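S.K.: Each residue of the sequence shown is one higher than the one before, counting from 939 in our numbering. Cβ coordinates follow ideal geometry from the N, Cα and C atoms, glycine included. Only a predicted model underlies this, so the values are computations on that prediction, with no experimental measurement involved.
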Amino acid sequence: MEKKRSRCGGFLWAEMVVATALLGVVIVGLMVSMNGFALVNDCQWARQRCTAAAQAQLDSIAATGRRMEPQELKRLWPGVEVLVDQSPGTGPWDRLELIQVTATAQPGPRKITVRLARYLRREPVAAEGGQS
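1. Per DSSP, what are the beta-bridge partners of L1054 in this structure?
2. At which residues does the beta strand (DSSP E) containing P1016 begin and terminate?
3. Should the region 991–1005 be regarded as contacting the region 1014–1023, the criterion being three or more beta carbon pairs within less than 8 Å?
4. Use the C-beta contact count for R1093: other C-beta atoms within 10 angstroms, 16 or more gives buried, fewer gives exposed.
5. Beta carbon of T989, beta carbon of V1039: below 8 Å?
6. For P1026, list the residues DSSP reports as bridge partners.
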């Protein structure tokens, strides 16, 4: 009489170890990629804040002729430094003034810098009267 060998249908110890190791590798890979996404997100957020602060400074100068107060900038956009450079226009822009605004922030190891510029009239525009 021959004896038939039967095998259990369950997992072996080695299969469980391999499955656990693969699961660990997948989880570590996801954690590394999520950290990378977080760094990119921080840089994009800093770029948006710099752009908003620089644009607000330009708009304030264009609308009122004055810069925003430094404490107001720090309150609205903490961690963003805003510098303004004004210079007279040359050539075809002779009667204009060049306003350059540079906003910087450092969310991590990289420094984010946004530069915006606009030409504005130096002298106030006279109101056009109704003379005929």
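M.R.: The structure says:
1. Working through the sequence shown from its first residue, we reach residue 1054 at position 116. Bridge partners of L1054: V1039.
2. For the purposes of this step, residue 1016 is taken as residue 78 along the sequence shown, with counting starting at 1. It is not in any beta strand (DSSP E) - P1016 carries neither H nor E in the DSSP assignment.
3. yes
4. Nothing in the structure corresponds to residue 1093, since the chain is present only between 939 and 1070.
5. If you number the sequence shown from 1, residue 989 lands on position 51. If you number the sequence shown from 1, residue 1039 lands on position 101. Against a cut-off of 8 Å, the Cβ pair of V1039 and T989 comes out as no contact.
6. For the purposes of this step, residue 1026 is identified with residue 88 of the sequence shown, where counting begins at 1. E1035.
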